[in-house]
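Asks: Line by line, the protein sequences are chains A and B. If you're matching positions, the first sequence starts at 169 in this note's numbering and goes up one per residue. If you're matching positions, the second sequence starts at 169 in this note's numbering and goes up one per residue.
Protein chains: 2
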Amino acid sequence: MTLPEISTPALVVDKPAFDHNVATMSARRPGAALRPHVKAFKSTDLAQLLADAGHLDFCCATVREMEGMALAGLGHDLLLANEVVDPVRLRRLGTLAETGTARVTVAVDSEETVRAAAAAGIKEVLIDVYVGLPRCGCPPDDAPRLADLARTLGMHVRGVMGYEGHLVHVADRDERTARVATDVAPLAVAHAAVGGDVISGAGTGTFDVNTVVTEVQAGSYTLMDGEYGELSDLPFRPALRVVTTVISVNRAGGWAVLDGGIKALGMDQGNPICAVGDVLYCSDEHTVVCPPPDAPLAVGERVALAPRHIDPTVAKHPLMIVIDATGAVVDEWRVDLRGWRIDDERHR
Amino acid sequence: MTLPEISTPALVVDKPAFDHNVATMSARRPGAALRPHVKAFKSTDLAQLLADAGHLDFCCATVREMEGMALAGLGHDLLLANEVVDPVRLRRLGTLAETGTARVTVAVDSEETVRAAAAAGIKEVLIDVYVGLPRCGCPPDDAPRLADLARTLGMHVRGVMGYEGHLVHVADRDERTARVATDVAPLAVAHAAVGGDVISGAGTGTFDVNTVVTEVQAGSYTLMDGEYGELSDLPFRPALRVVTTVISVNRAGGWAVLDGGIKALGMDQGNPICAVGDVLYCSDEHTVVCPPPDAPLAVGERVALAPRHIDPTVAKHPLMIVIDATGAVVDEWRVDLRGWRIDDERHR
Numbered sequence: 169m170t171l172p173e174i175s176t177p178a179l180v181v182d183k184p185a186f187d188h189n190v191a192t193m194s195a196r197r198p199g200a201a202l203r204p205h206v207k208a209f210k211s212t213d214l215a216q217l218l219a220d221a222g223h224l225d226f227c228c229a230t231v232r233e234m235e236g237m238a239l240a241g242l243g244h245d246l247l248l249a250n251e252v253v254d255p256v257r258l259r260r261l262g263t264l265a266e267t268g269t270a271r272v273t274v275a276v277d278s279e280e281t282v283r284a285a286a287a288a289g290i291k292e293v294l295i296d297v298y299v300g301l302p303r304c305g306c307p308p309d310d311a312p313r314l315a316d317l318a319r320t321l322g323m324h325v326r327g328v329m330g331y332e333g334h335l336v337h338v339a340d341r342d343e344r345t346a347r348v349a350t351d352v353a354p355l356a357v358a359h360a361a362v363g364g365d366v367i368s369g370a371g372t373g374t375f376d377v378n379t380v381v382t383e384v385q386a387g388s389y390t391l392m393d394g395e396y397g398e399l400s401d402l403p404f405r406p407a408l409r410v411v412t413t414v415i416s417v418n419r420a421g422g423w424a425v426l427d428g429g430i431k432a433l434g435m436d437q438g439n440p441i442c443a444v445g446d447v448l449y450c451s452d453e454h455t456v457v458c459p460p461p462d463a464p465l466a467v468g469e470r471v472a473l474a475p476r477h478i479d480p481t482v483a484k485h486p487l488m489i490v491i492d493a494t495g496a497v498v499d500e501w502r503v504d505l506r507g508w509r510i511d512d513e514r515h516r
Numbered sequence: 169m170t171l172p173e174i175s176t177p178a179l180v181v182d183k184p185a186f187d188h189n190v191a192t193m194s195a196r197r198p199g200a201a202l203r204p205h206v207k208a209f210k211s212t213d214l215a216q217l218l219a220d221a222g223h224l225d226f227c228c229a230t231v232r233e234m235e236g237m238a239l240a241g242l243g244h245d246l247l248l249a250n251e252v253v254d255p256v257r258l259r260r261l262g263t264l265a266e267t268g269t270a271r272v273t274v275a276v277d278s279e280e281t282v283r284a285a286a287a288a289g290i291k292e293v294l295i296d297v298y299v300g301l302p303r304c305g306c307p308p309d310d311a312p313r314l315a316d317l318a319r320t321l322g323m324h325v326r327g328v329m330g331y332e333g334h335l336v337h338v339a340d341r342d343e344r345t346a347r348v349a350t351d352v353a354p355l356a357v358a359h360a361a362v363g364g365d366v367i368s369g370a371g372t373g374t375f376d377v378n379t380v381v382t383e384v385q386a387g388s389y390t391l392m393d394g395e396y397g398e399l400s401d402l403p404f405r406p407a408l409r410v411v412t413t414v415i416s417v418n419r420a421g422g423w424a425v426l427d428g429g430i431k432a433l434g435m436d437q438g439n440p441i442c443a444v445g446d447v448l449y450c451s452d453e454h455t456v457v458c459p460p461p462d463a464p465l466a467v468g469e470r471v472a473l474a475p476r477h478i479d480p481t482v483a484k485h486p487l488m489i490v491i492d493a494t495g496a497v498v499d500e501w502r503v504d505l506r507g508w509r510i511d512d513e514r515h516r
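1) List the residues of chain B whose Cβ lies closer than 7 Å to the Cβ of ARG405 (chain A), in chain order.
2) Would you call the region 461 to 481 of chain B and the region 237 to 249 of chain A in contact, with 3 or more CB pairs under 8 Å?
3) Pairs of beta-carbons, one from the region 266 to 278 of chain A and one from the region 301 to 309 of chain A, closer than 8 Å: are there three or more?
4) Listed from N- to C-terminal order along the chain, which residues in the region 231 to 265 of chain B have their beta-carbon within a distance smaller than 7 Å of any beta-carbon of chain A?
5) Buried or exposed for GLU513 (chain B), please, with buried defined as at least 16 other CB atoms from any protein chain shown within 10 angstroms of its CB.
6) Any idea what DSSP makes of ASN418 (chain A), helix, strand or coil?
7) List the residues of chain A whose Cβ lies closer than 7 Å to the Cβ of CYS442 (chain B), in chain order.
8) Would you mind telling me which residues of chain A sit closer than 8 Å to ILE415 (chain B), beta carbon to beta carbon, in chain order?
9) Please look up how many angstroms separate the CB atoms of LEU355 (chain A) and VAL272 (chain A), rounded, as I've assumed it's under 8 Å.
10) So the candidates are A:HIS359, A:HIS454 and A:PRO460; which of them puts its Cα closest to the Cα of VAL444 (chain A)?
11) Along chain B, in chain order, which residues have C-beta atoms closer than 9 Å to that of CYS450 (chain A)?
12) Are three or more beta carbon pairs between the region 285 to 298 of chain A and the region 307 to 326 of chain A nearer than 8 Å?
13) Once DSSP output is grouped into helix, strand and coil, what is the label at PRO383 (chain A)?
14) On the three-state DSSP scale, how would you describe SER451 (chain A)?
15) Please state whether the Cβ-Cβ distance between GLY253 (chain B) and ALA229 (chain B) is less than 8 Å.
16) Of the choices A:ALA265, A:VAL336 and A:VAL414, whose alpha-carbon is the least far from that of LEU465 (chain A)?
17) If the cut is a Cβ gap below 8 Å, which residues of chain A does ASP187 (chain B) touch?
18) For the beta strand (DSSP E) that contains ARG502 (chain A), what are its first and last residues?
19) Kindly indicate which residue of A:ALA318, A:ALA360 and A:ASN378 has the alpha-carbon position closest to the one of LEU335 (chain A).
20) Nearest-angstrom Cα distance between PHE186 (chain A) and ASP376 (chain A)?
21) If you pair each beta-carbon of the region 212 to 219 of chain A with each one of the region 431 to 439 of chain A, do three or more pairs fall below 8 Å?
22) Reducing DSSP to helix, strand and coil, say where MET193 (chain A) ends up.
23) Return the residue from the list B:ALA353, B:ASP499 and B:ARG405 that minimises the CA-CA distance to THR192 (chain B).
24) Residues in its own chain within less than 8 Å of GLN437 (chain A) by CB, not counting five upstream and five downstream?
25) Express the C-alpha separation of HIS188 (chain A) and ASP401 (chain A) in angstroms, rounding to a whole number.
26) List the residues of chain B whose Cβ lies closer than 8 Å to the Cβ of ALA229 (chain A), in chain order.
27) What does GLY421 (chain B) reach in chain A if we use C-beta pairs closer than 7 Å?
28) Would you kindly work out how many angstroms separate the C-alpha atoms of VAL456 (chain B) and ALA240 (chain B), rounded to a whole number?
29) What's the call for PRO480 (chain A), buried or exposed, on a 16-neighbour Cβ count within 10 Å?
30) Can you pull the chain A residues whose beta carbon is under 7 Å from the beta carbon of TYR389 (chain B), in chain order?
31) Please list, in chain order, the chain A residues whose beta carbon lies closer than 9 Å to that of PRO177 (chain B).
32) Extract the residue ranges of the beta strand (DSSP E) inside the region 332 to 382 of chain B, only unbroken runs of 3 or more that lie entirely within it.
33) Tell whether a beta-carbon distance below 8 Å holds between THR184 (chain A) and VAL411 (chain A).
34) Could you pull out every residue in the same chain whose Cβ sits closer than 8 Å to the Cβ of GLY199 (chain A), ignoring the five residues on either side in sequence?
35) Which residue comes first and which comes last in the beta strand (DSSP E) that contains LEU327 (chain A)?
36) Counting only the same chain and skipping the five closest in sequence on each side, list residues whose C-beta sits under 7 Å from that of ARG506 (chain B).
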């Protein structure tokens, strides 16, 4: 990546790498075979490019993302791939559907979530099934009961979903393939019992080894995590960096200080990756790196950091700066789907 | 903390605990003996309450925080306690000073940062001195040379600063006191050589054991970190929680899923603390907890999480909800100083 001359810290997208990722995925999972996951990038500007590539259906992790997508005209078919019991927020989704602003489907995995959806006027659901990740999802054999309850309450059951998040980072492709086959098998069984057209699931790490799903819920493939970079069989390229500036150098100590830290980087998977020095640690607004003695850094130099986990990294920035292969800025994409309050815009 | 009936995840401030913290600190470090650090809370609404308590001088970690404070009428005496070489951003600070919008002082620790400040029309600086934290700060014996350079370039040197961030979490008070005395001693020596009225430094963990500084740069004391909670001698109370809702329960597995995760919590110091279950892990929008078998959680219940590190936690939210002892919402404080681009507001 050729670094742009911009104020730092800044989230920078390598457009050629992004374009490669989008084209590669679209060739393998065209159109509705992919339901891009908005949580990875939280940007309607980026989502529009995926729609332009033929993917009109999206999934979201928050009501905020759902509503933002709908209001941006990207509401062709929106799935809230998460459980929600908040009646006010669910009702807003119900209204989006009733007004024709969006097709709205929500995931449910319990009597409580089914009843909350029905009470809010939600008309379409997927039964969320546990496939081994200790998080949401009903026991597979409970799916038919929840589907029946949903139908009794007047809702259309479009099918099932299940997310094998515990397997998306398994480094060895053969092991990943085998474990996905085993763990996702109950999703097919649940689908046979529930019915419907949709089996939704998988992620960037399992997009081509999960043979059960009718649609893949991948989002990270667009920009790529540092973590996913360790899956050498994936055909996607790293497209996102946090570009920083060296603001201080301690020659005796052998370290340099960059002007981006914890508040600019997702830290849950550990320190970012830096090509020009070992990362010593990150603090709120700083990353301290130790360059090799024969390649010191100077105050004012630009340094790119590769975040380990893009989703929370993107969520810390209001904007992505898009550059071409020469480092020239060619676009800006707003990160406009952050936060959770429907009325967050009012406070900005 | 009595949990409020609000949409989740939400950043919630316990006002009685906050008031206790502010009053306790103001009694020990009244007025200008405290320079509250805005980076901890990024909110001009909260800062105004500190000004009301007599603290009119503030320090900031970003130009964005500086400009936001100035434009909110809180520009009595603003210190950028961080190095910046960006000419555009520095020039904006110079303009704030020239227009009388704020008194502006910036930290410098190198020839480059001194020259960048002078070129941008900055009129006042502190020499930032290394006191043991591997980050910014010049070698103590280089401080007089940088001060001379600053004066030669027409700037007023108000004194020195140095931050013993490597010691603020030392659990044992006696050890903390002894190590601060040793490591901060060079700051006093540098000050004697540099001159000026100001010796700025310390933090919440060392606010009453650092006897060198004339002003304490503490911010976390207002809301208190989970990490600082392990310093039993500190007289401050935890005042910040991320309130979540249980959205899924797996009875066979023994876990419950909360609707706040990595995107709502600072994760650099590890998982949040939960009183009603052990935290298994956090993902983007979820925290999975294992409650004791005899005290299970139910879908719809509210659960409070105590973040380990408040600064990056606050920076993930647009708003703090302020509650009284009964859990009633009594105020909302905007987190209006997030991001780095001066023109971020344009993109929101």
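Every residue gets a Cβ at the ideal spot worked out from N, C-alpha and C, and that includes glycine. Note that the structure is predicted; figures quoted are calculated from it, not measured.
Replies: Concretely, from the data shown:
1) Contact of ARG405 (chain A) with chain B by beta-carbon distance below 7 Å is absent, the smallest such distance being about 22 Å.
2) The region 461 to 481 of chain B makes no contact with the region 237 to 249 of chain A: fewer than 3 CB pairs, one atom from each, lie closer than 8 Å.
3) Contact holds between the region 266 to 278 of chain A and the region 301 to 309 of chain A, because three or more Cβ pairs, one in each stretch, are under 8 Å apart.
4) The region 231 to 265 of chain B vs chain A, Cβ under 7 Å: ASN250, GLU251, VAL252, VAL253, ASP254, VAL256 and ARG257.
5) Because the pLDDT of GLU513 (chain B) is 42, which lies under 50, any placement of that residue in the model is unreliable, and the question is left without a value.
6) The answer is strand: DSSP assigns ASN418 (chain A) an E or B state.
7) Result: empty, since nearest Cβ-Cβ is about 15 Å, beyond 7 Å.
8) Listed along chain A, the residues sitting closer than 8 Å to ILE415 (chain B) by beta-carbon distance are ASN250, GLU251, VAL252, VAL253, THR281 and CYS304.
9) That pair is no contact at about 22 Å.
10) The candidate whose alpha carbon is nearest that of VAL444 (chain A) is A:PRO460.
11) For the C-beta of CYS450 (chain A), the chain B residues within less than 9 Å are, from N- to C-terminus, ASP436.
12) Contact holds between the region 285 to 298 of chain A and the region 307 to 326 of chain A, because three or more Cβ pairs, one in each stretch, are under 8 Å apart.
13) A small fix is needed here, since residue 383 (chain A) is Glu in this sequence, not Pro. Three-state DSSP puts GLU383 (chain A) in a strand.
14) It is a strand residue.
15) It is Val, not Gly, that sits at residue 253 (chain B) in the sequence shown. For VAL253 (chain B) and ALA229 (chain B), no; Cβs fall outside 8 Å.
16) Out of A:ALA265, A:VAL336 and A:VAL414, A:VAL414 has the C-alpha closest to the C-alpha of LEU465 (chain A).
17) Those do not exist, as ASP187 (chain B) stays about 23 Å from chain A at its closest Cβ, beyond 8 Å.
18) DSSP places ARG502 (chain A) inside the beta strand (DSSP E), whose first and last residues are 497 to 502.
19) Nearest option by C-alpha distance: A:ASN378.
20) Taking the straight line joining both Cα atoms gives about 19 Å.
21) Fewer than three Cβ pairs drawn from the region 212 to 219 of chain A and the region 431 to 439 of chain A lie within less than 8 Å of each other, which leaves the two stretches out of contact.
22) Residue state, collapsed to three classes: helix.
23) Nearest C-alpha to THR192 (chain B): B:ARG405.
24) Closer than 8 Å at Cβ, skipping near neighbours: ASP393, GLY394, GLU395, ARG476 and HIS477.
25) Separation of ASP401 (chain A) and HIS188 (chain A) (C-alpha to C-alpha, rounded to the nearest whole angstrom) is 15 Å.
26) Chain-order list of chain B residues neighbouring ALA229 (chain A): ASP452 and GLU453, by C-beta distance under 8 Å.
27) Going along chain A in sequence order, the residues near GLY421 (chain B) (Cβ under 7 Å) are PRO302.
28) Straight-line Cα distance between these residues: approximately 40 Å.
29) Buried, since its Cβ has 16 or more Cβ neighbours within 10 Å.
30) Chain-ordered listing is empty here: chain A has no CB closer than 7 Å to the CB of TYR389 (chain B), the nearest sitting near 16 Å.
31) Listed along the chain, the chain A residues whose CB falls inside 9 Å of the CB of PRO177 (chain B) are TRP508.
32) Complete beta strand (DSSP E) runs here, min 3: 366 to 369.
33) Just to set this straight, residue 184 (chain A) is Pro in the shown sequence, not Thr. In this structure, VAL411 (chain A) does not lie closer than 8 Å to PRO184 (chain A) by Cβ.
34) Correct list, in chain order: GLY222, HIS223 and LEU224.
35) The amino acid occupying residue 327 (chain A) in the given sequence is Gly; Leu does not appear at that position. That run of the beta strand (DSSP E) goes 324 to 330.
36) These residues qualify, in order along the chain: LYS210 and ALA483.
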